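J.: Submitted below is the structure of interest, expressed as structure tokens.
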Amino acid sequence: MTIYYSLTFILLAAEMVTFCVFVAPLPYQIRRRLFRFLSESPIVAKIAYALKISFIFITILFVDAVQRMFRVTAEVELAKAGGQGAQDVRTETNFAARKFYAQRNTYLTGFCLFLSLVLTRTFYILQELIHSQEEYAKLKKAVRLYISLPRTTLKKQASQQAAEYDRLAEQYNKETGKVSNKRVD
Numbered sequence: 001m002t003i004y005y006s007l008t009f010i011l012l013a014a015e016m017v018t019f020c021v022f023v024a025p026l027p028y029q030i031r032r033r034l035f036r037f038l039s040e041s042p043i044v045a046k047i048a049y050a051l052k053i054s055f056i057f058i059t060i061l062f063v064d065a066v067q068r069m070f071r072v073t074a075e076v077e078l079a080k081a082g083g084q085g086a087q088d089v090r091t092e093t094n095f096a097a098r099k100f101y102a103q104r105n106t107y108l109t110g111f112c113l114f115l116s117l118v119l120t121r122t123f124y125i126l127q128e129l130i131h132s133q134e135e136y137a138k139l140k141k142a143v144r145l146y147i148s149l150p151r152t153t154l155k156k157q158a159s160q161q162a163a164e165y166d167r168l169a170e171q172y173n174k175e176t177g178k179v180s181n182k183r184v185d
């Protein structure tokens with residue numbers, strides 16, 4: 001396998017490992033830190049830029065591999081239709097090997113490109129999930145505060161009103177000269 005297909009295979013393996021990490025059942029805090037690092041780190045941004053350039057080259061390799069696969073398949077069909085009675089075993093083996101290599105390169109580059117699309121979409125879906133979970137936690141906390149706030153406020157208002165009522169009742173009793181007897185009242 002040539003160097004650029006070897007690099008494509010390494011990239012495909014790295015994409016598979018990254019995808020497994022993305023879909024692994026990680027705790028919320030770890031997942032949030034990981035995705036925050038991946039989305040905010042300048043080093044990761046530079047790596048992503050280099051990967052975008054490499055995917056352009058892999059796309060070119062994919063187009064070339066597809067063309068080569070069609071060309072080899074056409075040559076095999078032409079050789080079979082050529083009408084030569086007994087074909088050489090080495091020729092058939094050579095055609096089979098060329099067809100295998102062309103198909104391997106097509107699948108390798110195609111899966112690499114496909115997995116890059118899947119990986120990108122999965123990353124953004126998980127990022128939206130983390131954002132939604134953060135918003136849910138904020139709203140849940142706000143609802144708890146909102147529910148607990150009226151109770152304490154209501155209790156405070158009731159105690160203030162009771163104290164004010166008692167003060168006004170005592171003031172009234174002093175001005176009118178009545179003595180309040182709570183048992184009789």
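Using full-length UniProt numbering, the letters of the sequence shown map in sequence onto residues 1 to 185. Glycine is no exception: its CB is placed at the ideal position from the N, C-alpha and C atoms. Since the structure is predicted, the reported quantities are computational estimates derived from the model, not experimental observations.
(1) Just how far apart, CA to CA, sit residue 98 and residue 110?
(2) Could you pull out every unbroken alpha helix (DSSP H) segment of at least 4 residues lying fully inside the UniProt domain "BAP29/BAP31 transmembrane" (1 to 138), listed in chain order?
(3) Apart from the five residues just before and just after residue 18, which ones in its own chain have a Cβ nearer than 8 Å to its Cβ?
(4) Using 8 Å as the Cβ pair cut-off and three pairs as the minimum, do the segment 101 to 116 and the segment 4 to 14 touch?
(5) Could you tell me the alpha carbon to alpha carbon distance between residue 34 and residue 125, rounded to whole angstroms?
(6) Does the beta-carbon distance from residue 115 to residue 15 come in below 9 Å?
(7) Residues in the same chain with beta-carbon distance under 6 Å from residue 72, minus the five sequence neighbours each way, listed in chain order, please.
(8) Any chance the segment 48 to 66 sits against the segment 155 to 163, with 3 or more Cβ pairs inside 8 Å?
(9) Can you tell me whether DSSP reads residue 179 as helix, strand or coil?
(10) For residue 152, I'd like the list of residues in its chain whose CB is within less than 6 Å of its CB, leaving aside the five on either flank, ordered along the chain.
T.: Based on what the coordinates show:
(1) Position 98 of the sequence shown, counted from the start, is the residue given in the question as residue 98. Position 110 of the sequence shown, counted from the start, is the residue given in the question as residue 110. Distance between the alpha carbons of residue 98 and residue 110 is about 18 Å.
(2) 3 to 23, 28 to 40, 42 to 81
(3) Numbered from 1 along the sequence shown, position 18 holds the residue referred to as residue 18. Hits under 8 Å: 119.
(4) yes
(5) Residue 34 sits at position 34 when you count from the first residue of the sequence shown. Residue 125 sits at position 125 when you count from the first residue of the sequence shown. So the two alpha carbons sit approximately 14 Å from each other.
(6) The residue you call residue 115 lines up with position 115 of the sequence shown. The residue you call residue 15 lines up with position 15 of the sequence shown. It is a contact, given that the beta carbons lie within the stated cut-off.
(7) Stepping through the sequence shown from its first residue, residue 72 is reached at position 72. Correct list, in chain order: 98, 99, 102.
(8) no
(9) Counting from 1 along the sequence shown, the entry for residue 179 is found at position 179. Of the three classes helix, strand and coil, the one that applies to residue 179 here is coil, per DSSP.
(10) Your numbering for residue 152 matches position 152 in the sequence shown. There are no such residues.
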